[in-house]
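Student: In our numbering, the protein residues as written are 2 to 299. Positions of the beta carbon are idealized from the N, C-alpha and C atoms, including for glycine.
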Ligand SMILES: C[S@@+](CC[C@H](N)C(=O)[O-])C[C@H]1O[C@@H](n2cnc3c(N)ncnc32)[C@H](O)[C@@H]1O
């Protein structure tokens with residue numbers, strides 16, 4: 002198993018996602034002889050997981066069942082142990098597209114945080130790209146490096162424990178794209194420029210406050226970046242539901258006139274059944290602003 006390649010079978014040492022229904026999931030480190038407690042009873046790794054196909058339904062000791070899923074960056078984002086605030090798939094999807102990430106790309110990122118975005122970047126740039134990720138909190142940097150190893154993506158990533166605003170990304174002239182998720186991104190813009198290829202590339206900075214965006218944009222313009230744009234991604238989910246509408250009463254002869262879509266006569270009905278969508282009354286609000294810019298060829 003690797004977070005960037007699919008395998009059919011669960012193996013000893015994998016990180017699998019155990020799905021218990023109704024959006025309830027947990028990551029499980031699969032180990033010969035180990036057990037995991039779920040609300041449906043125990044899962045015995047040796048007999049219930051190892052050697053089974055990903056996607057299988059596994060019966061637990063109390064008779065209930067769960068599904069064992071192959072890990073993906075999207076599933077990791079909703080299951081990872083939080084060390085920090087993280088980016089979610091709605092922002093991540095826009096970031097990976099607008100940074101033009103593709104297999105073979107070299108990316109610089111700071112801070113690593115809980116590694117939510119890092120996993121999505123790694124899948125986009127595999128099998129031959131590289132991620133240089135910088136985190137100044139020592140335990141977070143160490144934990145991220147440990148997880149990358151467990152998820153078998155460590156050959157694609159270098160974790161540096163340093164202050165990106167003071168010491169930069171530790172590389173020069175190699176990056177196709179840079180991503181910043183730190184409180185003072187304007188202090189890292191010149192280091193981003195140094196890390197990027199001479200032929201140019203794309204930069205993105207995530208900030209919750211518009212004042213941070215303003216300062217970052219000023220630094221980007223000072224450093225010669227072009228095509229600045231800032232956007233906010235809001236997810237609006239439409240709830241589909243079934244509604245029954247009473248038929249109007251057109252009088253005693255009206256029944257004869259009820260026809261279906263093909264023009265055939267149908268039995269009289271008291272109501273019609275329709276599918277309708279409900280817009281949410283409240284939307285989960287603002288996460289942050291995404292500022293994109295292009296470094297031109299120098
Ligand atoms: C919000 S978290 C990043 C979350 C990450 N994007 C994710 O999706 O999991 C911000 C991280 O930046 C780190 N950080 C803040 N300032 C930094 C700096 N100057 N250099 C390196 N890391 C920094 C913090 O320690 C924190 O872990």
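1) Is it buried or exposed, residue 241, if we count other Cβ atoms within 10 angstroms and call 16 or more buried?
2) Pull up the distance between the alpha-carbon of residue 304 and that of residue 154, whole angstroms please.
3) Answer yes or no: do residue 207 and residue 289 have a C-beta to C-beta separation smaller than 8 Å?
4) Since residue 49 and residue 32 should fall inside the 8 Å C-beta cutoff, what is the C-beta to C-beta distance between them, to a whole number of angstroms?
5) Given a cut-off of 8 Å on the beta-carbon distance, is the pair residue 220 and residue 202 in contact?
6) Thinking just about the alpha-carbon of each residue, which of 136, 278, 173, 172 is nearest to the one in residue 160?
7) Going by beta-carbon coordinates alone, are residue 204 and residue 296 separated by less than 8 Å?
8) Between residue 86 and ligand 1, is the CB less than 7 Å from at least one heavy atom?
9) Taking 8 Å as the cut-off, decide whether the C-beta atoms of residue 51 and residue 11 are in contact.
10) Beta-carbon within less than 8 Å of residue 97's beta-carbon, same chain only, minus the 5 sequence neighbours each way: which residues are those?
11) Please identify the residue among 3, 299, 244, 287 whose C-alpha is closest to the C-alpha of residue 277.
12) Assign residue 186 to one of two classes, buried (16 or more other C-beta atoms within 10 Å of its C-beta) or exposed (fewer than that).
13) Would you mind stating whether residue 39 and residue 67 have Cβ atoms separated by less than 8 Å?
14) Residue range of the beta strand (DSSP E) that residue 134 falls in?
15) May I have a chain-ordered list of the beta strand (DSSP E) segments no shorter than 3 residues that lie completely inside the stretch 4-37?
16) Sorry if obvious, but does the Cβ on residue 164 come closer than 7 Å to a heavy atom of ligand 1?
17) Can we count residue 289 as close to ligand 1, meaning its CB is less than 7 Å from some heavy atom?
18) From what residue to what residue does the alpha helix (DSSP H) around residue 277 run?
19) Compare the Cα-Cα distances from residue 249 to each of 272, 238, 229, 233 and report the closest residue.
20) Does ligand 1 have a heavy atom nearer than 7 Å to the CB of residue 169?
Tutor: Short version:
1) Within the chain shown, numbered from 1, the residue matching residue 241 stands at position 240. Residue 241 counts as exposed, since fewer than 16 other beta carbons sit within 10 angstroms of its beta carbon.
2) What the structure shows of the chain is the stretch from 2 to 299, and residue 304 is not part of that stretch, so it cannot be assessed.
3) Taking the first residue of the chain shown as 1, we reach residue 207 at position 206. Taking the first residue of the chain shown as 1, we reach residue 289 at position 288. Yes, these two residues count as a Cβ contact at 8 Å.
4) Here residue 49 corresponds to residue number 48 of the chain shown, with the count starting at 1. Here residue 32 corresponds to residue number 31 of the chain shown, with the count starting at 1. So it is not a contact: roughly 12 Å between Cβ atoms.
5) As a working note, residue 220 is residue 219 in the chain shown. As a working note, residue 202 is residue 201 in the chain shown. Result no, Cβ atoms of residue 220 and residue 202 do not sit closer than 8 Å.
6) The count along the chain shown starts at 1 and reaches residue 160 at position 159. That would be 136, whose Cα lies nearest to the Cα of residue 160.
7) As a first step, residue 204 is located in the chain shown; it is residue number 203 there, counting from the start. As a first step, residue 296 is located in the chain shown; it is residue number 295 there, counting from the start. A distance below 8 Å separates the beta carbons of residue 204 and residue 296.
8) For this step, residue 86 is matched to residue 85 along the chain shown. True, at least one ligand heavy atom lies under 7 Å from that Cβ.
9) What you label residue 51 is simply residue 50 of the chain shown in a count that begins at 1. What you label residue 11 is simply residue 10 of the chain shown in a count that begins at 1. Their beta carbons are under 8 Å apart, which means residue 51 touches residue 11 by this criterion.
10) For this step, residue 97 is matched to residue 96 along the chain shown. Hits under 8 Å: 121, 122, 125.
11) The residue you call residue 277 lines up with position 276 of the chain shown. Checking every option, the nearest Cα to that of residue 277 belongs to 244.
12) Position 185 of the chain shown holds residue 186. Classification for residue 186: buried.
13) Taking the first residue of the chain shown as 1, we reach residue 39 at position 38. Taking the first residue of the chain shown as 1, we reach residue 67 at position 66. Yes, the Cβ-Cβ distance between residue 39 and residue 67 is below 8 Å.
14) For the purposes of this step, residue 134 is taken as residue 133 along the chain shown, with counting starting at 1. Segment 131-135, the beta strand (DSSP E) holding residue 134.
15) 16-20, 26-30
16) For the purposes of this step, residue 164 is taken as residue 163 along the chain shown, with counting starting at 1. Yes; taking the cut-off as 7 Å, the Cβ of residue 164 has a heavy atom of ligand 1 nearer than that.
17) Against the chain shown, residue 289 aligns to sequence position 288. Result no, Cβ not under 7 Å from ligand 1.
18) Position 276 of the chain shown, counted from the start, is the residue given in the question as residue 277. Per DSSP, residue 277 belongs to no alpha helix (DSSP H); it is in the beta strand (DSSP E), 272-279.
19) Counting from one through the chain shown, the residue named residue 249 turns up at place 248. Selected option, being the one with the closest Cα: 272.
20) Position 168 of the chain shown, counting from 1, holds the residue named residue 169. Outside the cutoff, so no.
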